[in-house]
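Taking it in order: structure first as structure tokens, then the write-up.
In the working numbering, the protein residues as written are 73 to 348.
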């Protein structure tokens with residue numbers, strides 16, 4: 073394991089400068105939506121305390137109107153709320169425990185239609201993107217966000233069909249930029265932990281099925297979209313479920329090796345986003 077202690081200070085400064093440099097208004101206040109799997113989760117005692125880094129979760133319209141859950145995506149209970157808010161708060165707790173990053177205890181749902189709010193959140197996470205359907209205006213906003221220094225991590229989508237749904241929206245964001253496999257020597261795999269031996273991380277369904285993959289997503293893919301300077305703008309975790317791996321890290325029925333892989337991936341990706 074590496075010990076680059078200077079990253080914490082550099083990262084915190086970059087987060088602050090990112091928000092100051094491109095935001096045009098104060099960030100939207102914290103808000104909670106009902107989730108598909110969770111509702112009325114108790115808030116941490118310090119949920120109102122601001123911090124320099126926040127786990128920001130992308131809200132998005134799902135395919136076929138209401139997606140699998142039939143709800144208005146802007147009011148929760150939609151695909152973007154899978155694992156929300158439990159996984160987000162587990163990651164925040166993990167970042168607090170393992171680093172000295174000043175981290176807010178609660179997440180921030182981010183709607184691309186909310187004026188320039190997305191530009192206040194340098195880290196953005198989207199789950200179940202095999203079910204998203206960005207509008208043209210949302211794709212333009214997301215592109216601008218990423219080109220101006222933002223970072224998007226996508227997770228928990230599986231198989232060829234969901235990959236094609238993901239691509240349909242991502243091509244509207246970056247029609248000209250290829251999606252490539254991340255080479256093992258890329259810094260994102262070596263920020264804090266050396267992730268040379270990456271394993272496929274299953275969702276909680278593994279507890280019952282004992283199957284690592286879902287649908288035809290047998291091979292895990294660690295992919296990315298890079299900018300012109302070689303910075304990863306979009307980190308793509310396909311055929312794996314890192315959100316479940318941290319959400320169920322205290323579940324004795326879920327294998328520790330998968331939670332450890334998920335934890336290390338999040339930490340590396342967060343540090344990369346803060347320093348690149």
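No residue lacks a Cβ here, since even glycine has one placed at the ideal position from N, Cα and C. All of these numbers come straight from a predicted model, not from anything done at the bench.
* Using DSSP with H/G/I as helix, E/B as strand and the rest coil, what is residue 235? -> Looking up residue 235 in the chain shown gives position 163. Of the three classes helix, strand and coil, the one that applies to residue 235 here is helix, per DSSP.
* CA-CA distance, residue 146 and residue 291? -> As a working mapping, residue 146 is identified with position 74 in the chain shown. As a working mapping, residue 291 is identified with position 219 in the chain shown. A straight line joining the alpha-carbon of residue 146 with that of residue 291 spans about 33 Å.
* Could you give the C-beta distance for residue 251 and residue 200, rounded to a whole number, given that I count them as a contact under 8 Å? -> Position 179 of the chain shown, counted from the first residue, corresponds to residue 251. Position 128 of the chain shown, counted from the first residue, corresponds to residue 200. Contact doesn't hold; Cβ gap of about 18 Å is too wide.
* Asked: What does DSSP give as the partner residues of residue 134 in its beta bridges?
  -> Indexing the chain shown from 1 puts residue 134 at position 62. Beta bridge pairing from DSSP links residue 134 with 204.
* Is residue 115 helix, strand or coil by DSSP? -> Your numbering for residue 115 matches position 43 in the chain shown. In the structure shown, residue 115 sits in coil (DSSP, three-state: anything other than H, G, I, E or B).
* **residue 279 - containing alpha helix (DSSP H), residue span** => Counting from 1 along the chain shown, the entry for residue 279 is found at position 207. Going by DSSP, residue 279 is part of the alpha helix (DSSP H) stretching over 278-281.
* Per DSSP, residue 175 is paired with what? -> Within the chain shown, numbered from 1, the residue matching residue 175 stands at position 103. DSSP, once it has assigned bridges, lists 125 as partnering residue 175.
* Asked: So, do the segment 256-276 and the segment 336-346 have three or more beta carbon pairs nearer to each other than 8 Å?
  -> A contact exists between the segment 256-276 and the segment 336-346.
* Contact under 8 Å by Cβ, residue 289 with residue 231 -> Here the question's residue 289 lines up with position 217 in the chain shown. Here the question's residue 231 lines up with position 159 in the chain shown. Yes. Within cutoff.
* Asked: Going by DSSP, which residues form a beta bridge with residue 223?
  -> Counting from one through the chain shown, the residue named residue 223 turns up at place 151. Residue 223 pairs with 195.
* Asked: Does the distance from the C-beta atom of residue 342 to that of residue 304 stay below 8 Å?
  -> For the purposes of this step, residue 342 is taken as the residue at position 270 of the chain shown. For the purposes of this step, residue 304 is taken as the residue at position 232 of the chain shown. In terms of Cβ geometry, residue 342 and residue 304 do not form a close pair [threshold 8 Å].
* State the beta-bridge partners of residue 253 as determined by DSSP. => Residue mapping note: residue 253 aligns to position 181 of the chain shown, counting from 1. Its beta-bridge partners are 295.
* Return the CA-CA distance between residue 228 and residue 133, expressed in angstroms with no decimal places. => Position 156 of the chain shown holds residue 228. Position 61 of the chain shown holds residue 133. Taken atom to atom, the span from the alpha-carbon of residue 228 to that of residue 133 is near 16 Å.
* **Cβ-based burial, residue 202 [other Cβ within 10 Å; buried from 16]** => As a working note, residue 202 is residue 130 in the chain shown. By the neighbour-count rule (16 or more Cβ atoms within 10 Å), residue 202 is buried.
* **Exposed unless 16 or more other CB atoms sit within 10 angstroms - verdict on residue 219** => Residue 219 sits at position 147 when you count from the first residue of the chain shown. With fewer than 16 Cβ atoms within 10 Å of its Cβ, residue 219 is classed as exposed.
* C-alpha gap between residue 347 and residue 181, whole angstroms -> Locating residue 347 in the chain shown gives position 275, where the first residue counts as 1. Locating residue 181 in the chain shown gives position 109, where the first residue counts as 1. Straight through space, the alpha carbons of residue 181 and residue 347 are spaced by roughly 23 Å.
* Beta-carbon separation (whole angstroms), residue 308 vs residue 226, contact threshold 8 Å -> Numbered from 1 along the chain shown, position 236 holds the residue referred to as residue 308. Numbered from 1 along the chain shown, position 154 holds the residue referred to as residue 226. 5 Å between Cβ atoms; contact.
* **DSSP three-state assignment for residue 242, whether helix, strand or coil** => The count along the chain shown starts at 1 and reaches residue 242 at position 170. Helix, per DSSP.
* Terminal residues of the continuous beta strand (DSSP E) containing residue 340? -> Position 268 of the chain shown holds residue 340. Per DSSP, residue 340 belongs to no beta strand (DSSP E); it is in the alpha helix (DSSP H), 328-347.
* Note the first and the last residue of the continuous beta strand (DSSP E) segment covering residue 163. => On the chain shown, position 91 is the one that residue 163 refers to. In the DSSP assignment, residue 163 falls outside any beta strand (DSSP E) and lies within the alpha helix (DSSP H) extending over 158-170.
* Residue range of the beta strand (DSSP E) that includes residue 306 -> Translated into the one-based positions of the chain shown, residue 306 becomes position 234. Where residue 306 is concerned, the enclosing beta strand (DSSP E) starts and stops at 304-310.
* Beta-carbon proximity list for residue 273, same chain, < 7 Å, skipping 5 on both sides -> Position 201 of the chain shown, counted from the start, is the residue given in the question as residue 273. These residues qualify, in order along the chain: 312, 313, 314, 317, 330, 333 and 334.
* Residue span of the alpha helix (DSSP H) that contains residue 318, given as start and end -> For the purposes of this step, residue 318 is taken as the residue at position 246 of the chain shown. Residue 318: member of the alpha helix (DSSP H) spanning 314-319, first to last residue.
* Asked: Taking Cβ to Cβ, would you say residue 287 is nearer than 8 Å to residue 210?
  -> Position 215 of the chain shown, counting from 1, holds the residue named residue 287. Position 138 of the chain shown, counting from 1, holds the residue named residue 210. No, Cβ-Cβ distance for residue 287 and residue 210 is not below 8 Å.
* Reduced DSSP category for residue 323 - H, G, I as helix; E, B as strand; rest coil -> Numbered from its first residue, the chain shown carries residue 323 at position 251. DSSP, read as helix, strand or coil, puts residue 323 in coil.
* **Neighbourhood of residue 217 by C-beta, 7 Å cutoff - its chain only, sequence neighbours within 5 removed** => On the chain shown, residue 217 is found 145 positions in, with the first residue counted as 1. If you ignore the 5 residues before and after residue 217, its C-beta comes within less than 7 Å of the C-beta of 190 and 191, all in its own chain and listed in chain order.
* Would you mind reading off the limits of the beta strand (DSSP E) that contains residue 181? => Walking along the chain shown from the start, residue 181 turns up at place 109. For residue 181, the enclosing beta strand (DSSP E) has its first and last residue at 180-183.
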